[in-house]
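Working notes for the structure below.
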């Protein structure tokens, strides 16, 4: 018998332009997300890929329930990045745009609730905002799963 109190731990795919990795502290964000009890795994291609990059992206986006989209001018120029978020949108994943300025976001993501990344604050403050939104989305996912199981 399934315990209704048991919540499924979720996976998060982190989409970002490689050149923005250090600017947005992507490895630290992955690390801290994986400390959240609700999170099973946070995927970033640079440390997790052990196969063809396109197969990896397809598989990991499918396995994830949430995608963090780190928007930037570099992101908008990257064909791979644009493909990642559009695949996630087609698969109806929870998309969380993270940006400094809305002009750095793909226009179709502007209707999604996102997180403003503030470079004048420290990484911990930015992570707290990201974490808060991730937890909100996890709660939404769990509520939908609960309704589907009733």
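In the working numbering, the protein residues as written are 63 to 212.
C-beta: ideal position from N, C-alpha, C; glycine also.
Residue i versus the options, residue with shortest Cα-Cα distance
i: residue 103; options: 171, 129, 179; result: 129
i: residue 150; options: 166, 170, 165, 136; result: 170
i: residue 72; options: 87, 125, 88; result: 125
i: residue 172; options: 131, 81, 95; result: 131
i: residue 146; options: 120, 175, 182, 159; result: 120
i: residue 201; options: 186, 161, 127; result: 127
i: residue 165; options: 179, 198, 193, 133; result: 133
Strand pairing of residue i, partner residues [DSSP]
i: residue 103; result: 73
i: residue 159; result: 131
i: residue 178; result: 161
Outcome for residue i when other beta-carbon atoms lying within 10 angstroms are tallied against a minimum of 16
i: residue 5; result: Here the chain has residues from 63 to 212 only, and residue 5 is not among them.
i: residue 63; result: Bear in mind that a pLDDT of 35 at residue 63, under 50, signals an unreliable position, so the number given afterwards is only what the model happens to contain. Exposed.
i: residue 153; result: exposed
i: residue 135; result: exposed
i: residue 159; result: buried
i: residue 95; result: buried
i: residue 163; result: exposed
i: residue 36; result: Residue numbering for the chain in the displayed model covers 63 to 212; residue 36 lies beyond these limits and cannot be assessed.
i: residue 208; result: exposed
i: residue 116; result: exposed
i: residue 91; result: buried
i: residue 81; result: exposed
i: residue 74; result: buried
Cβ-based neighbour list, residue i, same chain, cut-off 7 Å, excluding 5 preceding and 5 following
i: residue 140; result: 79
i: residue 157; result: 129, 131, 147, 150, 151, 171, 174
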